[in-house]
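Presented below is the structure to which this report refers.
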Amino acid sequence: MTLDELNDIDVLVIGAGNAAANAALAAREGGARRIALLESAPESARGGNSAFTGGAFRFVYESVDDLLTLAPDIADLDLPNIDFGTYTREQYFDDVGRLTEYRADPDLTEVLIGNSYEAALWLKRHGVRFQPALGRQAFRVDGKFRFWGGLACHILGGGAHLVETLHDALKRAEIGVVYQTQATALLCGGHGIEGVRALHGGRPVEIRAKSVVLACGGFESNPEMRARYLGPNWDLAKVRGTRFNTGWGHRMAMDVGAAVTGHWSGAHAVQWDMNAPEYGDLTVGDRFQKHNYPFGILVNAKGERFLDEGLDFHSFTYAKYGHEVLRQPGLFAWQVFDQKVVKLLRDEYRIARITKETANTLEELATKLTGVDPDGFLRTVREYNAAERPDAPFNPNVHDGLRTRGLRIDKTNWANRLDTPPYEAYGVTAGVTFTFGGLKVSTDAEVLDTSGAPIRGLYAAGEIVGGLYYHNYGSGTGLVAGVVFGRRAGEGAARLVAR
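In terms of numbering that gives the first Met the number 0, the sequence shown opens at residue 0 and continues consecutively.
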């Protein structure tokens with residue numbers, strides 16, 4: 000689609016990732032005729048952060064039959080030796096409440112959870128494939144896999160497959176995308192929102208539309224906004240994903256009176272290779288992340304541990320522990336493992352572009368950890384290894400209770416001693432994924448003004464929506480929210496146009 004074709008638009012979607020594409024597809028199914036997407040990135044970098052995701056998708060399921068409906072290939076697995084368990088609405092609610100310190104908007108959370116499984120089926124209907132998350136959310140112990148943490152399935156091929164498949168669906172639905180076009184302002188009139196102002200090739204343009212869906216991400220790629228809202232040193236954090244999520248959607252909406260909500264000083268941030276580029280690299284995707292820290296220890300420049308690596312499964316701590324790394328001297332840390340657990344490390348620990356050191360002794364390793372005080376590191380390991388522990392077996396599939404006692408910061412689970420060489424260490428810093436503060440929306444994804452009334456013709460979905468995440472985040476929730484509220488935004492926009 001070209002810019003010249005953008006006339007008499009029914010639904011104009013700002014963005015081209017998961018939430019945006021699903022909003023457009025839902026608008027088409029809702030009867031809207033003229034639908035278009037504006038993407039600030041070039042086509043080669045389309046899809047926002049969705050293109051960088053590993054594909055985790057958190058949804059309610061009651062039994063393996065629900066999973067078989069979604070991913071029929073599961074039937075070919077050795078099912079008697081795989082315990083998928085369940086992930087009920089109640090478990091999902093408990094996890095969201097616990098992780099957000101019970102601040103998440105209850106109405107939005109109800110919609111998110113209640114529609115999570117249907118969201119997966121919707122994606123499947125549009126060609127997205129799912130697979131069981133063996134090796135990521137389940138390990139083989141005594142010959143049997145047991146799933147934990149509510150993530151039984153991932154999107155096959157991760158974000159690259161998701162974005163490609165959704166854009167194929169857009170083509171089939173005859174929905175066009177105009178690339179390298181940055182929306183900068185909303186047009187208001189007597190009928191509410193009537194389009195946008197934008198920059199296309201540096202040239203200002205106006206695009207008229209009967210409704211607008213903002214699905215253009217957070218402000219994580221804007222160092223100034225990160226420093227202003229998230230605080231000191233956040234302008235120095237690496238960005239895991241797209242460079243194009245710079246907060247334009249937030250500013251556009253606030254300029255027309257939109258209300259904001261959520262944790263504006265909060266963000267999803269993980270442990271990310273310390274030598275990764277400033278922004279995400281689509282050739283690497285999410286593999287600069289390092290999520291197996293619960294099975295080792297994490298030390299800072301002083302050689303000291305600074306958090307409880309075994310507090311919970313990584314899917315419930317990874318999004319907040321990036322914050323802790325950013326608070327350390329030099330903004331970095333090293334993850335350290337011995338050979339007892341190396342076989343459990345995910346594929347992201349075996350990529351070519353990685354900051355890694357190996358050694359046959361702890362003393363040798365201490366000299367190789369760039370930026371770390373060797374004496375402090377050896378003292379930390381001695382104290383950690385000498386700490387009292389219960390007589391509990393190590394089991395990565397459960398909270399095994401193998402914990403330390405008497406340390407300044409005890410490790411709650413998976414507290415194996417570091418005593419089996421060769422040792423491996425991985426250098427990490429903080430990688431920000433997305434920001435938590437956003438626009439206040441209704442359960443139908445209508446953007447609300449400061450009086451609580453919907454702004455006619457304006458909808459929002461994806462990272463730009465506030466109120467879902469506070470302090471922390473459960474892996475796989477973001478993609479689900481993008482589908483659920485993207486669909487609602489598209490459906491609402493189509494209904495408005497049909498009036």
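Each residue gets a CB set at the ideal place from its N, CA and C atoms; glycine is no exception.
What you are looking at is a predicted structure, and each value in this text was computed from that prediction instead of being measured.
- Check the Cα spacing between V255 and each of P293, V211, L343, D72: the tightest is with V211.
- CA-to-CA, the gap between R202 and V446 works out to about 28 angstroms.
- For a cut-off of 8 angstroms, the C-beta gap from G475 to A168 is around 21 angstroms, too long to register as a contact.
- Counting C-beta pairs with one atom in each stretch, the stretch 400 to 408 and the stretch 247 to 261 have fewer than three that are closer than 8 angstroms, which means they do not touch.
- Put simply, of G466, A22, R498 the residue whose alpha carbon is nearest the alpha carbon of T260 is G466.
- Only residues of its own chain outside the window of five on either side were considered, and among them G29 have a CB closer than 7 angstroms to the CB of R494, listed in chain order.
- Within the same chain, Cβ atoms closer than 7 angstroms to the Cβ of T449 are found at G256, A258, the five residues on either side in sequence being excluded.
- Cα atoms of L368 and I81: separation of roughly 39 angstroms, rounded to the nearest angstrom.
- Rounded to whole angstroms, the separation of the alpha carbons of D285 and Y425 is 16 angstroms.
- Of the candidates G309, E89, S62, D93, the residue whose Cα lies closest to the Cα of L78 is S62.
- For T180 against E38, the beta-carbon gap comes to about 7 angstroms, under 8 angstroms, which counts as contact.
- Within the same chain, Cβ atoms closer than 6 angstroms to the Cβ of G461 are found at A18, A214, G481, the five residues on either side in sequence being excluded.
- The residue among A385, R225, A488 with its C-alpha nearest the C-alpha of F433 is R225.
- Beyond the five residues adjoining it in sequence on each side, A159 comes within less than 8 angstroms, by CB distance, of A50, L281, G284 in the same chain, given in chain order.
- Taking 3 residues as the shortest admissible run, the stretch 308 to 336 contains the following complete beta strand (DSSP E) segments, listed from N- to C-terminal end: 332 to 336.
- Selection A318, G329, Y383 evaluated against I296 yields Y383 as nearest (Cα-Cα).
- Put simply, the backbone Cα of Y101 is about 42 angstroms away from that of L364.
- Across the set I463, I350, P420, A391, the C-alpha of I350 shows the shortest separation from the C-alpha of Q288.
- With fewer than 16 other Cβ atoms from the protein chains shown falling within 10 Å of its own Cβ, R498 counts as exposed.
- N21 sits buried, since 16 or more C-beta atoms from the chains shown fall within 10 Å of its C-beta.
- Under the DSSP definition of a beta bridge, Q130 partners with H153.
- When rounded, the separation of the alpha-carbon atoms in E205 and P71 is 47 angstroms.
- For K339 against T419, the beta-carbon gap comes to about 5 angstroms, under 8 angstroms, which counts as contact.
- If you look at S210, you'll find it in the beta strand (DSSP E) that goes 202 to 213.
- In the DSSP assignment, K143 falls within the unbroken beta strand (DSSP E) covering 143 to 146.
- K237 places its beta carbon less than 8 angstroms from that of E277.
- For H199 and D93, the gap between their C-alpha atoms comes out near 45 angstroms.
- When the beta-carbon positions are compared, M273 and V427 come within less than 8 angstroms of each other.
- Contact between the stretch 106 to 121 and the stretch 311 to 325 is absent: fewer than 3 CB-CB pairs across the two stretches fall below 8 angstroms.
- R196 is positioned such that its CB atom lies closer than 8 angstroms to that of L186.
- At least 8 angstroms separates the beta-carbon of A300 from that of Q334.
- Assigned with DSSP and collapsed to three states, P421 falls in coil, not helix or strand.
- With the rule of 3 Cβ pairs closer than 8 angstroms, the stretch 3 to 16 does not count as touching the stretch 112 to 128.
- Per DSSP, the continuous beta strand (DSSP E) segment holding Q270 begins and ends at 266 to 272.
- Beyond the five residues adjoining it in sequence on each side, G375 comes within less than 7 angstroms, by CB distance, of K301, G302, E303 in the same chain, given in chain order.
- Listed in chain order, the non-local C-beta contacts of A488 below 6 angstroms within the same chain comprise A22, V212, A444, Y458, A460, local neighbours out to five positions each way being set aside.
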